[in-house]
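J.:
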Amino acid sequence: MQSRLAIHRFKSHHVKIAQQHRKNATLLQSKLVKRTRSRRSSSSITTFNKLFQHSTYKQRYEFHTSLSSMAPSAVAPAHMEEDEHELDDDISSFSSSTLETFINQELQSFNINTSSQQGENEEEKPNLIDLLQTFDPQQPPPRDASPEEIQVWLECSSQQETVLKYEAILESARNREDYTAISKVQRQLLEWYKPMRQRILEEQEAYFASNKKNKGANAYGPFLCTLQPEKLAIITIHEAAMYALKTGGDGCTLMKMALKIGNAVEAEVNVQRLLRMRMEKSPMLKKKEIQEENIVEAHEKQEVEKEDEFAQIKKDKSLDWMYGPSHLQRFVDEMNRIDPSRKGKVRIARANQRAMKLLESAEPWATSDKVILGAVLIQMMLETATVSFPGQKGSQPAFTYEKSWVQDKKLVGHICMNEDLYQMIVEDKFTLLDAYTTRHKPMIIPPKEWVSPNEGGYTLLQTEFMRAHGCQVQKNALEEADLSTVMDGLNVLGRVPWVINKKILDVAQKCWDDGIALGDIPSRTDFELPPMPQRPEGDDLDYRAVDGEFQRYREALTKYRRIHQKNMDLRSLRCSAMLKLNQAEQFKDFEKIYFPYNVDFRGRAYPVPPHLSNIGSDLCRGMLTFAESKPLGPKGLYWMKVHLANLAGNDKITFDQRAEFTENNMENVRDAVKDPFGDNRWWMTLDDPFQALATCHEIVNAIDSGNPETYESSLPIHMDGSCNGLQHYAALGRDRVGGKAVNLCAYDKPQDVYSGVMEEVIKRVAEEAERVLDIDESRDDLSKAEREALASNKAAKLTNGLIDRGVVKRTVMTSVYGVTYIGAKKQIQEKIEEKLEAKGYDIDEMDSEIYAACGYLARVTMDVMGDLFTGARQTMNWLATCARLISSQSVPVAWISPIGVPAVQPYRMKQPYQVVTLLQTVVLINNNANLPIHKQRQVSAFPPNYVHSLDSSHMLLTGLEMDRRGLTFSAVHDSFWTHASDIDEMNSVLRECFVDLYSRPLLEELKQIWELQYPSLEFPELPERGDLDLNEVKEAPYFFQ
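Take 1 as the starting number for the sequence shown in full-length UniProt numbering and just add one per residue.
#1: Under a three-way DSSP split, which group does proline 708 fall into?
#2: When the Cα atoms are used, what is the spatial distance from valine 864 to glycine 733?
#3: Check for me: the beta strand (DSSP E) holding glutamate 402 runs from which residue to which?
#4: What are the partner residues of phenylalanine 1040, as DSSP defines its beta bridges?
#5: If you check the beta carbons only, do phenylalanine 590 and proline 716 fall under 8 Å apart?
#6: May I ask you to verify whether the region 742 to 762 touches the region 874 to 893, counting CB pairs closer than 8 Å and requiring at least 3?
#7: To which residues of the same chain is valine 819 closer than 7 Å at the C-beta, ignoring the five residues directly before and after it?
#8: What is the C-beta distance between leucine 232 and leucine 377, in whole angstroms, given that I count them as a contact (C-beta under 8 Å)?
#9: Count the other CB atoms within 10 Å of the CB of isoleucine 850; is the residue buried (16 or more) or exposed (fewer)?
#10: Using the DSSP secondary-structure output, state which residues sit across from valine 387 in a beta bridge.
#11: Any idea which residues DSSP pairs serine 755 with across the strands?
#12: Count Cβ pairs between the region 978 to 988 and the region 997 to 1005 that sit closer than 8 Å; are there 3 or more?
#13: What does the alpha-carbon distance come out to for the pair histidine 238 and proline 364?
#14: Relative to the alpha-carbon of isoleucine 886, which residue among Arg805, Gly900, Val772 and Pro1015 has its alpha-carbon at the smallest distance?
#15: Terminal residues of the continuous alpha helix (DSSP H) containing serine 999?
#16: Count the other CB atoms, across all protein chains shown, that sit within 10 Å of the CB of glutamate 293; report buried if there are 16 or more and exposed otherwise.
#17: Could you tell me which residues DSSP pairs with cysteine 252 in its beta bridges?
#18: Relative to the alpha-carbon of arginine 574, which residue among Lys441, Cys511 and Arg965 has its alpha-carbon at the smallest distance?
#19: Which of the three DSSP states is assigned to serine 713 in this structure?
#20: Would you report the Cα separation of residue 1044 and glycine 725, rounded to the nearest angstrom?
#21: Strictly by DSSP, which residues pair up with asparagine 598?
#22: Mind the definition here: the region 818 to 836 touches the region 854 to 869 only if three or more C-beta pairs lie below 8 Å; say whether that holds.
#23: What does the alpha-carbon distance come out to for the pair phenylalanine 1039 and arginine 1025?
#24: Can you tell which of Asn680, Pro689 and Met666 has its C-alpha closest to the C-alpha of alanine 648?
#25: At what residues does the alpha helix (DSSP H) containing glycine 622 begin and finish?
#26: Starting from the C-beta of alanine 584, find all residues in its chain whose C-beta is less than 7 Å away, skip the five residues before and the five after it, and write them out in chain order.
#27: What number of angstroms, rounded off, separates the C-alpha of glutamine 151 from the C-alpha of leucine 460?
#28: Considering only residues of the same chain and omitting the five flanking positions on each side of tyrosine 606, which have a CB-CB separation below 8 Å?
#29: By a C-beta neighbour count over all protein chains shown, 10 Å radius and 16 as the cutoff for buried, is glycine 678 buried or exposed?
#30: For methionine 813 versus cysteine 723, is the C-beta spacing smaller than 8 Å?
#31: Quick one: Cα of lysine 246 to Cα of leucine 956, how far?
#32: Between Gly866, Ala824 and Leu798, which lies nearest to lysine 835 when the distance is taken from Cα to Cα?
#33: According to DSSP, which residues form a beta bridge with glutamate 455?
#34: Just the C-alpha distance for valine 608 and phenylalanine 595, rounded to the nearest angstrom, thanks.
#35: If we ignore side chains and look at the alpha-carbon of each, how far apart do lysine 559 and lysine 475 end up?
#36: Once DSSP output is grouped into helix, strand and coil, what is the label at alanine 355?
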């Protein structure tokens, strides 16, 4: 066997050589590739018109046609149902055959920005891998370090955190002797699973077809047929991989590995039999027929020799059902109660011992039989398990069988894991540098401007321009697209300097320290969790009795699970709050911080840092303010007062009334600033308390300055769209009725679409609640219509008086984005449960009633939406119909957004392989880009995705025009931000850009593109347009408010 140390030294030498050649490669690139960055400052309107002048129907048709010719690469991540982690990295190893291949492949796998922007005479910038080799997070940069040097240190720190996280996961995996928590191992399990399963299936078929004439097959054949090929495949590759990693990759003896696999198979058979016996005792549970082909079932009627020790197992039909995770978990829980000292560490031997004890008739398998079975499975694995590495042609065996002398006395067989595979999993930690797994942080220097999909963002860390995980078709489309407009827009957002609002940070930190649950800061105390109820047993147990013992157990279990889930949610919220507070603390002393931006496949812009950014929660937004201040001017204070009223939830009245609201609460405002934790905690009762407190500070400071017009404020003021999705639908269809409801037309006061829906829902529910039904619900022969009428009447009586604007708001807001009936029911249920709890009801005891009532409310709300917004519904139906026609061609729905983003819907049919074994429930999902499209999702998701591509276009065009005018601009989708002094100008710009956007025949262009691409399809005529004049938007004061 090869020496690991020698290989490590060779690779270290290989890296040093590569580092030297990187310098040569950089110089060569600077000669071959001359890129010039220009800060494009053309008008958004000019840019927009130019885009469409140079983007003809023919060019767009060619883009769509090119999609079918692009060669999508197979991306097949695997996911475990348990022990799921964030690490979804794409690891490469030091395996290039030549130095040139190494430079081209390895630098890319390390995700380092290799493109050179400096000239030949400029000093080479540091390399992230080189820096990480000697990086010490305990040694911060010197005080005289430049911002650029500090930024490099911060990026190294981010990567070091990722490395440390991986090392912790690896160490935990070693301790548990279970490496499946590591995503790289998960992916290998997926790659090995299918061929291994097929190989086992073939061997089972061969055994049944042999009529037992082959003596060798008789030795292991019956054992091999006791389990499905899915289970045997998972057990084999799981045990082999785990044992090989445990032994350091230098090889483990064939005998020990074979016995380990044989023990695992025996334990699985016994536990499966035990669980089946338990299920047979329950009259409530019916046997499930296995849906996929079962080789043992297919040949069950074949004659079996009486002396076969497995004849009884086959008569027992142990494979005519599939037990689920809940049944296995119940068995595991039982063993944990028996031996609580090993909770969470259930091992094969202990489980098998328990199963054998309860299965008194089962005889243990002979050791020789288990070794033979294990050896056969290992042989199949050696034939099927392969691994491929970047820079190498073909694949290599993942495991090899070798013989070596032991104490110079005998040759012993060993199973060895591929050396490069072991290095990839365990040792090459720096290959974790992945754009999706790195914990990106804010920057302290302006981000590198986007000039291509592969160039922009962080100084050293690679930043993905588009969040298109694994969608190679989308990535290929980006390479061909003109992305200048969207890149300019992202650069505008990324150039905005921010700073931490220390006053709000201090208040938030005190809330956390004192255990004050406020906004995004959750309670530090868990809900009291009752003991987990014990499942009743006994042959005389009545499972159907409404008030019986089993029903009481189910109710207690439901309550236990609900409270347990609440505590898990609280812990997740605490982690999130801690991350935000810690990151704000880390960056509070920097004069400026920045957020690099990227887009999703629809073109929607997002800050890259996941924890602290302006797209975050109220806590994040309250702790952030613009780094640059501007005098308030004549109307700045007015808009700050309006802003505070909005944050208090008073956004359904006129602007003047909102300003008056703040003036009437000035005593509360001053108390909040003077002593936020005093007796008057008015600010804590507002909808967005942390942003409201920041606004209170700014208002008081401006007034106390003596001259508010000259007071320099850095507070971002927001203007939000009025149910923005419906606004875009109304503009597309020139729908005057819908446009009036969402403030596209001029009114003296804002129209509130949510209140309009609420009023109609309240009316319909009240009418139903007052209705008296002449139906005897105790009858056994009730018709379906009678049962539905009774259910609706009961639901109306329960919810009558509980409905307010908040109950229907989320459903109305998401209706234009494709919310389903189930999604609407969940949204409404959250609010109804809050109201019932506030009234003192025990919602656990009313679980089924609440569930039914919220289903009724969801139906009523969606019916009201359909009746009120017929224009939007017609446009949505037209888009869905077109998507259905396109998906019938087995191709994804694709389009180009108005600012040139090529959008390809990524939804494809996944191939989940769920295999429940004693070790764990394994769900392997193949997300191969060659898989068939998911037609249902392609259809249902297209209308909201198309509208999202429009709202993102509007936002970025507004940003470009604001930047051209020298004004600060930031945004969170349909919420546009600037300084208080510039609100009036931003209001004018965003309206002009909206009108310019919809002055183009967007739906007509979309239809013509598709007709060129799919000449054999007959697309429906466009919905009839209304008479809405888009120019009215320019005079509509509450369009954004």
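Cβ atoms here follow ideal geometry from the backbone N, Cα and C, with glycine treated the same way.
T.: According to the structure shown:
#1: helix
#2: 20 Å
#3: 399 to 406
#4: For phenylalanine 1040, which the question treats as bridged, DSSP gives the partners Gly721.
#5: no
#6: no
#7: Thr811
#8: 7 Å
#9: Isoleucine 850 should be labelled buried.
#10: Gln396
#11: According to DSSP, which records beta bridges pairwise, serine 755 is partnered with nothing at all.
#12: no
#13: 23 Å
#14: Closest option to isoleucine 886, Cα to Cα, is Pro1015.
#15: Taken as a continuous stretch (DSSP letters only), serine 999 belongs to no alpha helix (DSSP H), as it is neither H nor E.
#16: With a pLDDT of 38 at glutamate 293, under the threshold of 50, the predicted position of this residue should be treated as unreliable, and no value is reported.
#17: Ile415
#18: Cys511
#19: strand
#20: With the chain running from 1 to 1041 in the structure shown, residue 1044 is simply not present.
#21: Tyr606
#22: A contact exists between the region 818 to 836 and the region 854 to 869.
#23: 21 Å
#24: Pro689
#25: 618 to 623
#26: Ile500, Leu505, Leu612 and Met623
#27: 9 Å
#28: Arg467, Tyr597, Asn598, Val599, Asp600 and Ile615
#29: exposed
#30: yes
#31: In a straight line, the C-alpha of lysine 246 is about 52 Å away from that of leucine 956.
#32: Comparing alpha-carbon positions, the option among Gly866, Ala824 and Leu798 lying closest to lysine 835 turns out to be Leu798.
#33: Ser452.
#34: Distance between valine 608 and phenylalanine 595, taken at the CA atoms: about 7 Å.
#35: 47 Å
#36: Bear in mind that the predicted position of alanine 355 carries a pLDDT of just 45, short of 50, making it unreliable; the figure below should be weighed with that in mind. Helix at alanine 355.
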